[in-house]
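Trainee: Before I ask anything, here is the structure I am working with.
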Amino acid sequence: ETGVTQTPRHLVMGMTNKKSLKCEQHLGHNAMYWYKQSAKKPLELMFVYNFKEQTENNSVPSRFSPECPNSSHLFLHLHTLQPEDSALYLCASSQYLTSGTYEQYFGPGTRLTVT
Amino acid sequence: AQSVTQLGSHVSVSEGALVLLRCNYSSSVPPYLFWYVQYPNQGLQLLLKYTTGATLVKGINGFEAEFKKSETSFHLTKPSAHMSDAAEYFCAVSERIQGAQKLVFGQGTRLTINP
Chain A
113 ETGVTQTPRH LVMGMTNKKS LKCEQHLGHN AMYWYKQSAK KPLELMFVYN
163 FKEQTENNSV PSRFSPECPN SSHLFLHLHT LQPEDSALYL CASSQYLTSG
213 TYEQYFGPGT RLTVT
Chain B
603 AQSVTQLGSH VSVSEGALVL LRCNYSSSVP PYLFWYVQYP NQGLQLLLKY
653 TTGATLVKGI NGFEAEFKKS ETSFHLTKPS AHMSDAAEYF CAVSERIQGA
703 QKLVFGQGTR LTINP
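Chains as they are written, first to last, in this note's numbering: chain A, 113 to 227; chain B, 603 to 717.
Given below as structure tokens:
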């Protein structure tokens, strides 16, 4: 596998279920991200991890719980979701460039439907 | 706070015609700017980025963008559209956070190519 992979690609869950999304990066990057992409809003940054430490939480409801056991893996644990949480969840990782910025690489996303 | 506005949620051009996708940003510091493309059922792919230096930036697939500080713009162009360019395009401005990067995205522009 190369790049950033996400599993599952599609997930349907009821509001009382508990499920997890998985992201893995094979790029040797130090930072990983979760984004939410829904039809009616711009891409929203949810969480940022740098060397396994969470550095950003964009006021995300507690029904979303991230976990980063190491720099290559990132999980998003889901419980008691609402229908409005249905969206495409994108994972990304980044490396620092000598130009002074970062370059993010995105996975293909998990399409989540909450029924 | 930084923000991005993409003018036109949908743009339609004929094959072989000029593509122009508009992006204006707001930033209190010199910005790092990005254009990403998203094909159906895929994640985001970096097209090009502006960090410092030359204001005309060339990217993949024949796209380029020009950073104009006086107009706070970073419009994306391609001289001749191809059917394979049909996708959604996102402009983003970058903010550095602890060991990582926070991207603020515009709402996206869906590009349709007519034969």
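No residue lacks a Cβ here, since even glycine has one placed at the ideal position from N, Cα and C.
Go to Val718 of chain B, then tell me how far its beta strand (DSSP E) extends in each direction, as first and last residue.
Mentor: Nothing about residue 718 of chain B can be reported from this structure: the residues present for chain B run from 603 to 717 only.
Trainee: Touch check for the segment 639-650 of chain B and the segment 616-625 of chain B: three-plus C-beta pairs under 8 angstroms?
Mentor: The segment 639-650 of chain B is not in contact with the segment 616-625 of chain B.
Trainee: By the three-class DSSP mapping on this structure, what secondary structure does Thr663 of chain B have?
Mentor: Within the second sequence, residue 663 of chain B is the residue found at index 61, counting from 1. Residue identity check: residue 663 of chain B is Asn in the sequence provided, not Thr. Reduced to three states, the DSSP call for Asn663 of chain B is helix.
Trainee: Just reading off the beta strand (DSSP E) that His185 of chain A is part of, what are its end residues?
Mentor: For the purposes of this step, residue 185 of chain A is taken as the residue at position 73 of the first sequence. Residues 185-191.
Trainee: What does Leu623 of chain B touch in chain A if you count any residue whose Cβ is under 8 angstroms from its own?
Mentor: In the second sequence, residue 623 of chain B corresponds to position 21, counting from 1. Within chain A, no residue comes near Leu623 of chain B; the closest Cβ sits about 15 angstroms away, beyond 8 angstroms.
Trainee: Are any of the Cβ atoms in chain A nearer than 9 angstroms to that of Leu713 of chain B?
Mentor: Mapped onto the second sequence, residue 713 of chain B falls at position 111. It does not; no Cβ of chain A falls within 9 angstroms.
Trainee: With a threshold of 9 angstroms between beta-carbons, can Gly610 of chain B be considered close to chain A, or not?
Mentor: Here the question's residue 610 of chain B lines up with position 8 in the second sequence. So no, Gly610 of chain B is outside the interface.
Trainee: Rounded to a whole number of angstroms, what is the C-alpha to C-alpha distance between Pro173 of chain A and His677 of chain B?
Mentor: Mapped onto the first sequence, residue 173 of chain A falls at position 61. Mapped onto the second sequence, residue 677 of chain B falls at position 75. Their backbone Cα atoms lie some 35 angstroms apart in a straight line.
Trainee: Compute the Euclidean distance between the alpha carbons of Leu650 of chain B and Phe163 of chain A, then round it to the nearest angstrom.
Mentor: Your numbering for residue 650 of chain B matches position 48 in the second sequence. Your numbering for residue 163 of chain A matches position 51 in the first sequence. Their backbone Cα atoms lie some 26 angstroms apart in a straight line.
Trainee: If Leu202 of chain A and Gln149 of chain A are in contact, beta carbons under 8 angstroms, what's the gap, nearest whole angstrom?
Mentor: Residue numbering aside, residue 202 of chain A sits at position 90 when the first sequence is read from its first letter. Residue numbering aside, residue 149 of chain A sits at position 37 when the first sequence is read from its first letter. Their Cβ separation, rounded to whole angstroms, is 6 angstroms, which keeps Leu202 of chain A and Gln149 of chain A in contact under 8 angstroms.
Trainee: At a cut of 8 angstroms, does the segment 215-222 of chain A reach the segment 187-202 of chain A through at least three beta carbon pairs?
Mentor: Flag = yes, the segment 215-222 of chain A and the segment 187-202 of chain A touch.
Trainee: Which chain B residues sit within Cβ distance under 8 angstroms of Tyr214 of chain A?
Mentor: Position 102 of the first sequence holds residue 214 of chain A. Those within 8 angstroms of Tyr214 of chain A in chain B are Ser696, Arg698, Ala702, Gln703.
Trainee: Just by C-beta distance, which residues in the segment 631-665 of chain B are closer than 9 angstroms to chain A?
Mentor: The segment 631-665 of chain B vs chain A, Cβ under 9 angstroms: Tyr634, Phe636, Tyr638, Gln640, Asn643, Gln644, Gly645, Leu646, Gln647, Leu648, Lys651, Thr653, Thr654, Gly655.
Trainee: Expressed to the nearest angstrom, what Euclidean distance is found between the alpha-carbon atoms of Cys180 of chain A and Asn169 of chain A?
Mentor: Here residue 180 of chain A is taken as the residue at index 68 of the first sequence, counted from 1. Here residue 169 of chain A is taken as the residue at index 57 of the first sequence, counted from 1. Distance between the alpha carbons of Cys180 of chain A and Asn169 of chain A is about 13 angstroms.
Trainee: State the Cα-Cα distance for the pair Gly212 of chain A and Met127 of chain A, rounded to the nearest angstrom.
Mentor: Translated into positions along the first sequence, residue 212 of chain A becomes position 100. Translated into positions along the first sequence, residue 127 of chain A becomes position 15. Approximately 43 angstroms, taken between the alpha carbons.
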